[in-house]
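Enquirer:
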Amino acid sequence: MPKLPVVSGKKVIKALCRIGYEFDHHVSSRITLRNKQGHRLTAPNHPELMGAP
Numbered sequence: 043m044p045k046l047p048v049v050s051g052k053k054v055i056k057a058l059c060r061i062g063y064e065f066d067h068h069v070s071s072r073i074t075l076r077n078k079q080g081h082r083l084t085a086p087n088h089p090e091l092m093g094a095p
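Listed below in structure tokens is the structure:
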């Protein structure tokens, strides 16, 4: 199985916004996004998110 790329939390959030998620709220270093159907995702807001080991 190929390793996942290392990306920033900002890039992840930007990609999720492109597919229909909108900012809902944030607590500490976590950002919660919600789409129009009400589905929620929580993404960490860190400089780099590690891929699979």
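One gets this note's numbering by counting positions in the sequence shown from 1 and adding 42 to each. Note that the Cβ used here is the ideal one computed from N, Cα and C, for glycine as well. The structure presented is a predicted model; accordingly, all values stated were derived computationally and were not measured.
Could you have a look at Leu46 and say whether DSSP puts it in helix, strand or coil?
Expert: Residue state, collapsed to three classes: coil.
Enquirer: Find the nearest neighbour of His68 within the set Ile61, Gly80, Gln79 and Ile55, judged by alpha-carbon distance.
Expert: When only C-alpha atoms are compared, the closest one is Ile55.
Enquirer: Which one of His81, Gln79, Leu75 and Gly80 has the shortest CA to CA distance from Gly51?
Expert: For the residues His81, Gln79, Leu75 and Gly80, the minimum Cα distance to Gly51 belongs to Leu75.
Enquirer: In terms of residues, what are the limits of the beta strand (DSSP E) holding Ile61?
Expert: It is not in any beta strand (DSSP E) - Ile61 carries neither H nor E in the DSSP assignment.
Enquirer: What's the C-alpha gap between His88 and Ala57?
Expert: Taking the straight line joining both Cα atoms gives about 15 angstroms.
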